[in-house]
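Visitor: Sending over a structure as structure tokens; questions will come in a sec.
Protein chains: 2
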Amino acid sequence: MRWREPPAIYFEDSGNPVERSSYLIELHTNDGGSYDVVNDASSPAAGDCCAQQSSARHNWEMNYQEAAIYLQEGENNDKFFTHPKNAKALAAYLFAHNHLFYLMELSTALLLLLLSLCEAPAVPMLRLGIFVHATLELFALIVVVFELSMKMRWLGFQTFIRHKRTMVKTCVLFVQFIEAIVVLVRQTSHVRITRALRCIFLVDCRYCGAVRRNLRQIFQSLPPFIDILLLLLFFMVIFAILGFYLFSPNHSDPYFNTLENSLVNLFVLLTTSNFPDVMMPSYARNPWSCVFFIVYLSIELYFIMNLLLAVVFDTFNDIEKRKFKSLLLHKRTAIQHAYRLLITKQRPSGISFKHFEGLLRFYKPRMCARERYLTFKALNQSNTPLVSLKDFYNFYEVVGLKWKAKRNREHWFDDLPRTAFLIFKGINILVKSRVFQYTMYTVVAVNGIWILVETFMLQGGNFFSRNVPWSYIVFLTIYGVELLLKTTGLGPVEYLSSGWNLFDFSVTLFAFLGLMALAFNMEPFYFIVVLRPLQLLRLFKLKKRYRNVLDTMFELFPRMASLGLTLLIFYYCFAIVGMEFFAGVVYPNCCNTSTVADSYRWVNHTVGNKTVVEEGYYYLNNFDNILNSFVTLFELTVVNDWYIIMEGVTSQTTHWSRLYFMIFYIVTMVVMTIIVAFILDAFVFRMNYTRKNQDSEEDNGIVLEKEISKEEVVGIIELYKRTSAATEITQLQKIVLQMDKYGQMSTVFLGRRSRTKSDLSMKMYEEEIQEWYEEHSRKEESQTALQEPATASNSSLKPLSLRQRSQTVI
Amino acid sequence: MRWREPPAIYFEDSGNPVERSSYLIELHTNDGGSYDVVNDASSPAAGDCCAQQSSARHNWEMNYQEAAIYLQEGENNDKFFTHPKNAKALAAYLFAHNHLFYLMELSTALLLLLLSLCEAPAVPMLRLGIFVHATLELFALIVVVFELSMKMRWLGFQTFIRHKRTMVKTCVLFVQFIEAIVVLVRQTSHVRITRALRCIFLVDCRYCGAVRRNLRQIFQSLPPFIDILLLLLFFMVIFAILGFYLFSPNHSDPYFNTLENSLVNLFVLLTTSNFPDVMMPSYARNPWSCVFFIVYLSIELYFIMNLLLAVVFDTFNDIEKRKFKSLLLHKRTAIQHAYRLLITKQRPSGISFKHFEGLLRFYKPRMCARERYLTFKALNQSNTPLVSLKDFYNFYEVVGLKWKAKRNREHWFDDLPRTAFLIFKGINILVKSRVFQYTMYTVVAVNGIWILVETFMLQGGNFFSRNVPWSYIVFLTIYGVELLLKTTGLGPVEYLSSGWNLFDFSVTLFAFLGLMALAFNMEPFYFIVVLRPLQLLRLFKLKKRYRNVLDTMFELFPRMASLGLTLLIFYYCFAIVGMEFFAGVVYPNCCNTSTVADSYRWVNHTVGNKTVVEEGYYYLNNFDNILNSFVTLFELTVVNDWYIIMEGVTSQTTHWSRLYFMIFYIVTMVVMTIIVAFILDAFVFRMNYTRKNQDSEEDNGIVLEKEISKEEVVGIIELYKRTSAATEITQLQKIVLQMDKYGQMSTVFLGRRSRTKSDLSMKMYEEEIQEWYEEHSRKEESQTALQEPATASNSSLKPLSLRQRSQTVI
């Protein structure tokens, strides 16, 4: 469908905005009074636009900027009560909202965290003098102070104090500052558990929004979790008392001789770490005592622990939906605010392209003129020159699209001479044929079996000293040829656009690098050779379920990574505390008085004429520096045999140390349960989605098609000429030239983006979403009606006063 | 609402059935021809009923019986192709479908299973001679043969062969028979792994329907499970190759020195049983090698294992819904079949009470006349004398109700004299007051803390030799008084109708028995004393979430028990196999050549003048008899340190033994995942249900109210007088007397039953159910239309031919 309306109407719009940017108001009136009142008083009449042209343009620029800020706040789920309120705040806001500032934030936070590598107890290679690391810390803290002062400038003192996270950060900063100075003055490190709080600087980074969301989700899931945990602990206490009464008469049973031991061992039993062992002394005495343990494990491990997962999963599910709802409504409100700032008094029914373009200049400065126009056209579903509010609601879905001219050529070699075309066409057909694909699968399978057999034949020793095996070269050649054929047959761009091909490519590349390493005897790179079996992963393309699972895996990856990061933050806190208390307490042959002495033994004795070393190795699981602590904490997370580490440390310190380990277990249990719930939820959601949309074709992300005529492009060029935007003009002229070259009157563009969880949710909750919208606008209307009963007609668009805004969207 | 229609119309109905029971047809025609054809040909005309009254009554009796059988088949989800086809089959069906026969089935199966206690390797105390146990087995097998022959008589040879489960059972029976005879002849037990197949006799029992359903569900969940399992194993192989290449050059690392070891240890690592240990040698050499293990565990344990749960959960969810749907439609079809047999030619629009009563006599012989009539009235929602098909569809929901006359008295003591009444009323108010309840909670809490402190003070020794502690007596007295007050205040019936009160009662009773045991020094009962802390469970009544959780727990209990039984059946199979191969291979100091020798050590040496016994105890985890095997298998299920058991056995046999342990791990993993999925599903379902019905009041099961007038009762008595059913008449006359006594014209009855999962599902899938019904009837209509295009009007009621039936409901 081509538009034939005079283009001028899209691009010309010199009216005045219905509403004015609050910064502008601030500039013009400088009395800091109420926004709504001032706005009504000082809005210029429609006629005086010619006289104050430059002022009007300035007005509009300010409106564009504030609208863009609203849209950003909507996207990032920033509350509107942090919206910059005047021109000074705006400057600070803009300063604090760009990637340079974010990077500074992030690097300061990372520097602070990494300092623990160099502070005593430091990693041996990275040890720094106290003066050096304290100075570094002080420097980083000063940078944080600067960041916070910028934030205060933007938020104003009132809002700054009301913003909880920022307040906590300020307090932590204060404490850290004092401690850093104390360290610098005393020239010696004292017990600084507060270092564990450094994480908050990382969590507060703009880039760590996902971590903040995870933490919020974890805290929201806590109440039901704690309830069930209490049930769990309650049964544990009952069984501890029971076990004490039943088994303490047996003097050869070290596990139940006191109530404390009984409790600790049942706690460990809950993690099954000490399982058959804890039962054995009593089982040896009376076989029926196994009933006690079986009942305990059945209730605690197989019932209540699963109940815990169920409760968390249920809460998680519920929270996910509520989160989606509140985010959706928040975005909607943001769009309403932005819309209000972009319509003119002359045409209050929609946004013209000129204003839309102005908005996008601030919202997405990197977008080119063509894309701006395409976005406008994609939004505008009613074919009128103005984008109505209803269409504008789709802003977030459309603005992310990447636009490309639809190719007329099917293959990259269509323009080549006839002979070359035929050759490449042949390769193309070959590469796309089933025979070729299945041949490759067979080769991969044979290769897999080959590697397995080859490895099985080897019996230890250094495998790499010999020559490169011929099988390696043969298979690598086959993969190389396949890669070459595919690249030429499909064209490099199409070839690499598929994730699977990218995977093939990198594995083959690695294999080639491995060959090089073997051929030139570069020992440190031998590990690359070992990655060969990864080729086998290609076989999983064969079955639909695996494709589904692996796709889900890739979709989950960002969230998984953020959950992993959240876990690491907990690790960091525990590592710092662990280092402060337990650094250096465990060493070879340290725990001879404890029941786990064997695991810490290191004996070097001579049998015959050979020196035999008997090692328990557990002394390696220590808190001597932050890297060791992380490994130790990972071992505690895996839970198996964690009591050996606990008992080792306990025997060298006090039995209160157990609290540390038990609390760590419970914390990781929470996080792990959340991770399991998350995977469950994501997977089941995805499966339900697939089931619901079984009839629709393969999922290729969101695709939109729009046609642009030459006239339209010329119209836009005219518009830009007035604002003298040289780069935009040349870019647009290129499109016109292209059209002329192919003799087309119009070009079709394709907008594409990958599908996000939000898109899936939109589809899943389709019906409910309408209800939410209605409920939301009802609520807003009633609120506005209460406030201003006179202006009821356009009420849902009226931005609420700041206080109200923060109430509406929580 | 009271009915005033002449009662005769309900009770009189001497017409002929529209359709005749197939047994009757068989009796009358004896040609075994097609059911539909014969029926159409031989149905007597409407007029000749007076002449053939006794024959007609006989006809009706047969119809009642077949209708009852249809309804039973619908309820038990028996396929209609096993419906008895003629009078001979009916006799066998009736013989094989009563509790006596079921009990025989069950006890034979149990006898066969329990034989493994006495067969070598037997539990020492229960050892029997080969002759004795082989004879017992032969006897049990003969009983099974008898059962099967009855089944064959009922099903007919054709159906018998087509019924898969029965065929498998027959084959197993045959093998067992031969083996039992061989044992008897040779007078020595050979390797009889086939004993593991004895479980099938238990699974086939009528009472083990839940186990069969579980097994079916497990098998249905298998395909996706196996897919993910392959992914898991695939990564394991890749990492095994990698690990072998990376770590085998380190000669002090026993875990990766061959590819087989590498594989086995990564398998064990998947269960985390060997975790920090397997890493330690390489970690000691190069700290960065921990990356290998962390990546492996992250992928396998934290990602794919959770994916496995997600996939199973998803499949489980789906299966549950499909199962509910098919069961619902199956019941509907059964009701249609039954309805067709109960309507008369004169009144084809519904079932009269006379015929309904006849049906119930066969369907629920123990139901009394009053209940039958109330069920009829509850079904009959249209207030006409006949129950239409639409009403009859609610049969299964209504027939389970327990009817009781609505009491006019509020309390049990309402009839007592004034003074007594006031006293009891006071107690009643006291008992129901919040103050009393919270006082009791406080007492329980204090008691709990008291017990904890008291136990903490004790330091080993024999606690029971002293006198009864006074605190015990004080608290028991308080509980006793509470119990007394509650029983008198509420009346014993109301008191015990609450599950919580029942729990209080039994715990208090136990505490009292414990006191007796202490007072009279009955040592074997001391363990009862130890159950006191269970009182503390009462505290969980305080919070809503706990009540919810505990209620869900009780609701889940039957399914959990059946899942447990399913697990036990798997245990049994593995125990038998384990005993055949590994009995007696493990003993103290047996595995000195293996890496786990320490755990099997038993050293008795003298230090100073004391004898010190060092025990590894693991030799106790053996397969020497079936009880030991079960405990060992439970330890393997808990997974921790299972590799010690595996390596011990392996070192004494061949390394193929590992297969047994690995397969067992995978099987329990499947069952455990299903259990987790089940708990998750049940809990989330329940939570969603609660959320959906938040506004409705507390859940008290299904309650229905029906009023019966005196005239109606008299009418029923008349009806029964004609059939000379003496007990029913006396019973009904009692109701009339009761009414006369209180001068009422009618009595209100309450029907009550507890809510089942099916009720919840009905409510949850409300909308979808209508779609299913429509789809179902459409499908049936089209099938019937294809078969008989002429009789389209009443088509959905027409029972399909037997073959078709089995197709419709699968």
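These protein sequence lines map, in sequence, to chains A and B.
Numbered by numbering that gives the first Met the number 0, the letters in the first sequence go through residues 0 to 809 in order.
Numbered by numbering that gives the first Met the number 0, the letters in the second sequence go through residues 0 to 809 in order.
Each residue gets a CB set at the ideal place from its N, CA and C atoms; glycine is no exception.
Computed from a predicted structure; not experimentally measured.
(1) Can you tell me which residues form a DSSP beta bridge with A:Lys-609?
(2) Quick check on the DSSP output: what are the complete alpha helix (DSSP H) runs of length 4 or more inside the region 604-680 of chain B, in order along the chain?
(3) Assuming B:Ser-20 contacts B:Glu-65 (C-beta within less than 8 Å), just tell me the rounded distance between them.
(4) Give the DSSP-derived three-state secondary structure of A:Trp-810 in the structure shown.
(5) With 16 as the cutoff for other CB atoms within 10 Å, does B:Trp-499 come out buried or exposed?
(6) Please tell me whether A:Phe-622 and A:Thr-631 are closer than 8 Å, where the distance is taken between their beta carbons.
(7) Less than 8 Å between CB atoms is the rule here; does B:Ser-670 satisfy it with respect to chain A?
(8) Assign A:Leu-799 to buried or exposed, taking buried as 16 or more other Cβ atoms, counted over all protein chains shown, within 10 Å of its Cβ.
(9) Assuming B:Asp-810 and A:Pro-275 make a contact with CB atoms under 8 Å, what is their CB distance in whole Å?
(10) Mind listing the chain B neighbours of A:Asp-413? Cutoff is C-beta to C-beta under 9 Å, in chain order.
(11) Whose Cβ in chain B lies nearer than 7 Å to the Cβ of A:Pro-223?
(12) Is the beta carbon of A:Asn-427 sitting closer than 8 Å to the one on A:Gly-488?
(13) Which residues does DSSP list as the beta-bridge partners of A:Trp-59?
(14) Skipping 5 residues on each side, what residues in its chain have a beta carbon closer than 6 Å to that of A:Val-442?
(15) Look at the alpha carbon of B:Leu-482 and the alpha carbon of B:Ser-220, and state the distance between them as a whole number of angstroms.
(16) Give, in chain order, every residue of the region 578-591 of chain B whose Cβ lies closer than 7 Å to some Cβ of chain A.
(17) Just the Cα atoms here: how many angstroms apart are A:Met-878 and B:Thr-332?
(18) For B:Lys-330, tell me which candidate among B:Gln-651, B:Glu-780, B:His-775 has the shortest Cα-Cα distance.
(19) Would you kindly report the start and end of the unbroken beta strand (DSSP E) that includes B:Glu-118?
(20) Alpha carbon to alpha carbon, how far is B:Gln-436 from A:Gly-32? Give it in angstroms, no decimals.
(21) Among all the DSSP beta bridges, which residues are the ones paired with A:Glu-766?
(22) Compare the C-beta of B:Val-816 with all C-beta atoms of chain A and state if any pair is closer than 8 Å.
(23) Mapping the DSSP letters down to three states, classify B:Thr-746 as helix, strand or coil.
(24) Going along chain A, which residues have a C-beta under 8 Å from B:Asn-305?
(25) So is A:Asn-620 buried or exposed if we call it buried at 16+ other beta carbons inside 10 Å?
(26) Taking a contact to mean a Cβ-Cβ separation below 8 Å, would you say B:Gly-349 touches B:Leu-373 in this structure?
(27) Let me know the beta strand (DSSP E) ranges lying completely inside the region 418-505 of chain A, each 3 residues or longer, listed in chain order.
(28) Applying a beta-carbon distance threshold of less than 8 Å, which residues of chain A neighbour B:Thr-271?
(29) Does DSSP put B:Ser-708 in a helix, in a strand, or in coil?
(30) Can you list, in chain order, the residues of its chain with a C-beta nearer than 7 Å to that of A:Val-430? Leave out the 5 residues immediately preceding and following it.
(31) Is the region 554-569 of chain A in contact with the region 201-209 of chain A, if contact means three or more CB pairs nearer than 8 Å?
(32) Reducing DSSP to helix, strand and coil, say where B:Glu-18 ends up.
(33) Using a Cβ-Cβ cut-off of less than 8 Å, list which residues of the region 233-249 of chain B approach chain A; keep chain order.
(34) Helix, strand or coil, according to DSSP, for B:Leu-400 in the structure here?
(35) Using only CA atoms, which one of B:Thr-107, B:Glu-146, B:Arg-56, B:Leu-111 lies nearest to B:Leu-93?
(36) Using 8 Å as the threshold, is the region 674-692 of chain B in touch with the region 710-719 of chain B, meaning 3 or more CB pairs across them?
Guide: Reading it off the structure:
(1) A:Val-606
(2) With a minimum length of 4 residues, the continuous alpha helix (DSSP H) runs that stay inside the region 604-680 of chain B are 625-637, 641-651.
(3) 4 Å
(4) Past the edges of chain A, shown from 0 to 809, lies residue 810 of chain A, and the structure says nothing about it.
(5) exposed
(6) Cβ atoms of A:Phe-622 and A:Thr-631: closer than 8 Å.
(7) In the sequence on display, residue 670 of chain B carries Val and not Ser. Not a single CB atom of chain A sits nearer than 8 Å to the CB of B:Val-670.
(8) Note on A:Leu-799: pLDDT 37, under 50, position unreliable in the model; the coordinate value appears next. A:Leu-799 is buried by the Cβ-count criterion.
(9) This structure gives no information on residue 810 of chain B, because the portion of chain B shown stretches from 0 to 809.
(10) Under the 9 Å cutoff, chain B gives no residues; its nearest Cβ is about 40 Å from A:Asp-413.
(11) Arg-544
(12) yes
(13) Bridge partners of A:Trp-59: none, in fact.
(14) Ile-477
(15) 49 Å
(16) Against chain A - using a Cβ distance shorter than 7 Å - the region 578-591 of chain B contributes no residues.
(17) It is not possible to answer for residue 878 of chain A, since the shown part of chain A is limited to 0 through 809.
(18) B:His-775
(19) First-last for B:Glu-118: undefined, no H or E at that position.
(20) Any reading at A:Gly-32 needs caution, since the residue's pLDDT is 37, under 50, leaving its predicted position unreliable; the model's value is listed next. The alpha-carbon atoms of A:Gly-32 and B:Gln-436 are separated by roughly 59 Å.
(21) A:Glu-766 pairs with nothing; no bridge assigned.
(22) Here chain B comprises residues numbered 0 to 809, so residue 816 of chain B is not present and cannot be evaluated.
(23) strand
(24) Ile-674, Val-675, Ile-678, Leu-679
(25) Using a 10 angstroms sphere on the CB of A:Asn-620, the tally of other CB atoms reaches 16 or more, which defines it as buried.
(26) no
(27) Fully enclosed beta strand (DSSP E) runs of 3 or longer: not present.
(28) Val-637, Val-638, Asn-639
(29) strand
(30) Within the same chain, A:Val-430 has close Cβ partners Leu-484, Lys-485, Gly-488, Leu-489.
(31) yes
(32) B:Glu-18: coil per DSSP, three-state reduction.
(33) Within the region 233-249 of chain B, the qualifying residues are Phe-233, Val-236, Ile-237, Ile-240, Leu-241, Phe-243, Tyr-244, Leu-245, Ser-247, Pro-248.
(34) coil
(35) Nearest C-alpha to B:Leu-93: B:Glu-146.
(36) Verdict: no, contact absent.
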